[in-house]
Amino acid sequence: MKGIANKIPRANRPWVSILLFWLILTPVFSQAKELGEQQVRSAVQTWVRYVTADARPNAVIERMEPYQVNGKTVAYIAHLSGGGFCLCGADDLVLPVYLYSPKGTYDRDNPNYQYILWEIETRLKNLQTGIEEKDPKLQPYEEALAERAVFWQDLSAGRMPRRMEGKAPLVEPDMIELPVTSHWTQRSPYNNSCPIGDVDCTACPNDLSPISPARLGCVATATAQIMKYWNWPLSGTEERSYPWDGDDSCDDPVGAQELSADLTDPYDWQNMPDDCESGCSQAQQDALAELCYEVAVALETDFGVCGSFSSGDKIDDVLKSYFRYHEDGRHSETIDIEEIAEEIQWLRPVAMRGSRIAKEKGKVGHAWVIYGYNKGTDPDREFKVNMGWGGYFDDWYTLDNVYGPNGVYNLNRIQVTRIAPRDMAKFVGDSDAGDGSPDNPYKDIDEALAEAPEGATLMFKAGSDNTFSGDSLVINRRLTLKGKDVTIRKGAKGVVIHPH
Numbered sequence: 025m026k027g028i029a030n031k032i033p034r035a036n037r038p039w040v041s042i043l044l045f046w047l048i049l050t051p052v053f054s055q056a057k058e059l060g061e062q063q064v065r066s067a068v069q070t071w072v073r074y075v076t077a078d079a080r081p082n083a084v085i086e087r088m089e090p091y092q093v094n095g096k097t098v099a100y101i102a103h104l105s106g107g108g109f110c111l112c113g114a115d116d117l118v119l120p121v122y123l124y125s126p127k128g129t130y131d132r133d134n135p136n137y138q139y140i141l142w143e144i145e146t147r148l149k150n151l152q153t154g155i156e157e158k159d160p161k162l163q164p165y166e167e168a169l170a171e172r173a174v175f176w177q178d179l180s181a182g183r184m185p186r187r188m189e190g191k192a193p194l195v196e197p198d199m200i201e202l203p204v205t206s207h208w209t210q211r212s213p214y215n216n217s218c219p220i221g222d223v224d225c226t227a228c229p230n231d232l233s234p235i236s237p238a239r240l241g242c243v244a245t246a247t248a249q250i251m252k253y254w255n256w257p258l259s260g261t262e263e264r265s266y267p268w269d270g271d272d273s274c275d276d277p278v279g280a281q282e283l284s285a286d287l288t289d290p291y292d293w294q295n296m297p298d299d300c301e302s303g304c305s306q307a308q309q310d311a312l313a314e315l316c317y318e319v320a321v322a323l324e325t326d327f328g329v330c331g332s333f334s335s336g337d338k339i340d341d342v343l344k345s346y347f348r349y350h351e352d353g354r355h356s357e358t359i360d361i362e363e364i365a366e367e368i369q370w371l372r373p374v375a376m377r378g379s380r381i382a383k384e385k386g387k388v389g390h391a392w393v394i395y396g397y398n399k400g401t402d403p404d405r406e407f408k409v410n411m412g413w414g415g416y417f418d419d420w421y422t423l424d425n426v427y428g429p430n431g432v433y434n435l436n437r438i439q440v441t442r443i444a445p446r447d448m449a450k451f452v453g454d455s456d457a458g459d460g461s462p463d464n465p466y467k468d469i470d471e472a473l474a475e476a477p478e479g480a481t482l483m484f485k486a487g488s489d490n491t492f493s494g495d496s497l498v499i500n501r502r503l504t505l506k507g508k509d510v511t512i513r514k515g516a517k518g519v520v521i522h523p524h
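Each position in the sequence shown, counted from 1, maps to that position plus 24 in the numbering used here.
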């Protein structure tokens, strides 16, 4: 083959590369197939017993519910005996499990589950189309797709699969869950300050039940819960207002008005409990409602009794402009599994939004918080997510790293990273000197102790090994140190820091 390639003009060699790719990969693609219900059942059962985080060694799938598009099964909902469920692929071109809910009950009207099932359908369609058209954009995924087929075979046979080794350093923890303990919702008391909305609405077109005042909105709920994780800011920066066109989530617009909020009042973080399941005092309800409404106003939320909408790509700018979060905050339509995992290692929760266009119901989507990961499913990593439904749907979501010819853009996802308080949180551990920001951490603890402001929290990357230069480490002012499995040492000995 080398001799043949050398005889081909250089300008034509890219086409030879593509031809060789398809000659090599055609046998793999020709074997790609839709899987039967029993094969999927066996694979998912093995996954839940041995592979996933929050595994259940004695798990049994009670019922398989097919998810069909135009009469064709493209995914399954696997209902587990004793509670819990999985959203699963139905073809070995896609993953066996995209979402695992250890305790939840599947709700077909939940917009997040609608999005994930649509994601499975869209990924499968993209890959099948690429194979039919022999699209060279599939070339980077050759190894991953071949391994995926073997993965399905192992799981279906009840075998613990041996996945490819990840590229991450061994020092990284295999599993992390940040203490995002809030279980907030879009309902009362969180929406108590939202506009009333269409009180005459009796049935929502999106199958949800109307609630008044209007729903808080999933983007505002996710953003507020990340702010609660940090208990920041002490107050916002200014008054915020915008024209609201009224509630059109049920029927014609009702109640158009100018909405405003004074963000400069201090937030009562100590009166914001993780949930109000057992009841909340009036002071607690007021504190929760104030924060949540002000976040929603800052996001210019389109409120509705059937659903409230705001754009996920506004989260980073809103936090920077109105709530004193760091300028390094950013959003991207490219979902980067390694970047999200690194954010978690730096103890920073990530916001994510996914949406689709449904012909009969308009835009359907959801926003959630990512606050943990499990490397046991690599290279397609599981992430722990807070869905903003009162803790009932806090699940493990697997991010698929195979996109197909159409890339990431038709999956309509946004990730928001580098979310951190502007002055309160300082990050430690880099190859060069820095200012303690998310993008430019302090080089080491010596620099951090010299430069960090009074009252700052020094954040160390999970699993990191940090050294200081003196004979002893002296902290002579008020600072908080946080990390997970972090070593701070002089010489061979050190102290391990666990998360607060």
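No residue lacks a Cβ here, since even glycine has one placed at the ideal position from N, Cα and C.
Quiz item: Where does L505 fall in DSSP's three states?
Solution: Taking the first residue of the sequence shown as 1, we reach residue 505 at position 481. Correct three-state label for L505: strand.
Exercise. Identify, in the order they occur along the chain, each residue of the same chain with its Cβ nearer than 7 Å to the Cβ of Y165, setting aside the five sequence neighbours on each side.
Key: Taking the first residue of the sequence shown as 1, we reach residue 165 at position 141. So the qualifying residues of the chain are V426.
Exercise. Report yes or no: do three or more beta-carbon pairs, one from the segment 438-450 and one from the segment 462-481, lie closer than 8 Å?
Key: yes
Quiz item: Is the number of C-beta pairs between the segment 322-331 and the segment 226-238 that are closer than 8 Å three or more?
Solution: yes
Self-check item: Touch test, the segment 169-188 against the segment 133-150, Cβ-Cβ under 8 Å, three pairs minimum
Solution: no
Quiz item: Is it a yes or a no for the segment 474-490 touching the segment 502-513, going by three-plus beta-carbon pairs under 8 Å?
Solution: Under the 8 Å Cβ criterion, the segment 474-490 counts as touching the segment 502-513, having at least three qualifying pairs.
Practice problem: Would you decide whether V223 is buried or exposed? Buried here means 16 or more other CB atoms lie within 10 Å of its CB. | Solution: As a first step, residue 223 is located in the sequence shown; it is residue number 199 there, counting from the start. Looking at its Cβ environment, which holds fewer than 16 other Cβ atoms inside 10 Å, V223 is exposed.
Exercise. Could you round the C-beta distance between P213 and L312 to whole angstroms and report it? I think they count as a contact, below 8 Å.
Key: Looking up residue 213 in the sequence shown gives position 189. Looking up residue 312 in the sequence shown gives position 288. 5 Å between Cβ atoms; contact.
Quiz prompt | Nearest to L202 (by Cα), restricted to the options N82, Y397, K96 | solution = As a first step, residue 202 is located in the sequence shown; it is residue number 178 there, counting from the start. It is Y397.
Quiz item: For Y124, which of G487, N410, M448, A476 has the nearest alpha-carbon?
Solution: Position 100 of the sequence shown, counted from the first residue, corresponds to residue 124. It is N410.
Practice problem: Note down, in chain order, each residue of its chain lying with its Cβ closer than 7 Å to the Cβ of D198, except the 5 sequence neighbours on either side. | Solution: Looking up residue 198 in the sequence shown gives position 174. The answer, listed in chain order, is K399, G400.
Quiz item: Any idea what DSSP makes of N490, helix, strand or coil?
Solution: Here the question's residue 490 lines up with position 466 in the sequence shown. If DSSP states are grouped into helix, strand and coil, N490 belongs with the strands.
Quiz prompt | Of the listed residues E86, Q249, Y416, nearest to K127 (C-alpha basis) | solution = Residue 127 sits at position 103 when you count from the first residue of the sequence shown. It is Y416.
Exercise. Please name the residue, chosen from K252, A285, S265, that lies closest to N295 on a Cα-to-Cα basis.
Key: Position 271 of the sequence shown, counted from the first residue, corresponds to residue 295. Checked all of K252, A285, S265; the closest Cα to N295 is K252.
Self-check item: Beta-carbon proximity of A476 to L503, cut-off 8 Å
Solution: Within the sequence shown, the letter at position 452 stands for residue 476. Within the sequence shown, the letter at position 479 stands for residue 503. In this structure, the beta-carbon distance from A476 to L503 falls below 8 Å.
Quiz item: According to the Cβ coordinates, are P219 and C228 closer than 8 Å?
Solution: Sequence index remark: in the sequence shown, residue 219 carries index 195 (1-based). Sequence index remark: in the sequence shown, residue 228 carries index 204 (1-based). No, the Cβ-Cβ distance between P219 and C228 is not below 8 Å.
Quiz item: In terms of alpha-carbon separation, which member of G106, A67, R80, V204 lies closest to Y100?
Solution: Taking the first residue of the sequence shown as 1, we reach residue 100 at position 76. Checking every option, the nearest Cα to that of Y100 belongs to A67.
Quiz prompt | Every unbroken alpha helix (DSSP H) within the segment 436-463, with a cutoff of 4 residues, ordered by chain | solution = Counting only unbroken stretches of 4 or more residues, no alpha helix (DSSP H) element lies wholly within the segment 436-463.
Quiz item: Mind checking if R147 is an interface residue toward chain D, Cβ cutoff 8 Å exclusive?
Solution: The chain labelled as chain D is not found in the depicted structure, where only one protein chain is given.
Quiz item: Taking DSSP as the reference, what is the three-state secondary structure of D299?
Solution: What you label residue 299 is simply residue 275 of the sequence shown in a count that begins at 1. D299: coil per DSSP, three-state reduction.
Quiz item: In whole angstroms, what separates the C-alpha of S488 from that of A77?
Solution: Here residue 488 refers to the residue found at position 464 of the sequence shown. Here residue 77 refers to the residue found at position 53 of the sequence shown. For S488 and A77, the distance between alpha carbons rounds to 23 Å.
Self-check item: Top-ranked residue by Cα proximity to R377, from I368, Y421, E362
Solution: The residue given as residue 377 occupies position 353 in the sequence shown. Of I368, Y421, E362, the residue nearest in Cα terms is Y421.
Self-check item: Residue range of the beta strand (DSSP E) that includes I359
Solution: Residue 359 sits at position 335 when you count from the first residue of the sequence shown. Per DSSP, I359 belongs to no beta strand (DSSP E) and is neither H nor E.
Exercise. Kindly list the residues whose CB is nearer than 8 Å to the CB of I200, restricted to its own chain and excluding five residues on each side of it in sequence; keep chain order.
Key: Residue 200 sits at position 176 when you count from the first residue of the sequence shown. The answer, listed in chain order, is I368, Q369, G396, Y397, A486, K508.
Exercise. Could you tell me the distance, in whole angstroms, from the CA atom of S455 to the CA atom of L371?
Key: As a working note, residue 455 is residue 431 in the sequence shown. As a working note, residue 371 is residue 347 in the sequence shown. Going from the Cα of S455 to the Cα of L371 covers about 19 Å.
Practice problem: Look at the Cβ atom of L148, then the Cβ atom of W71, and state whether they are nearer than 8 Å. | Solution: Start at 1 with the first residue of the sequence shown, and residue 148 comes out as number 124. Start at 1 with the first residue of the sequence shown, and residue 71 comes out as number 47. Cβ distance not < 8 Å, so L148 and W71 don't count as in contact.
Quiz prompt | Collapsed DSSP secondary structure at C110 in the structure displayed | solution = Numbered from its first residue, the sequence shown carries residue 110 at position 86. Reduced to three states, the DSSP call for C110 is strand.
Quiz item: Hey, out of G353, T209, A391, whose CA is closest to N545's CA?
Solution: Lying before the first or after the last residue shown, residue 545 is absent from the chain, which here runs from 25 to 524.
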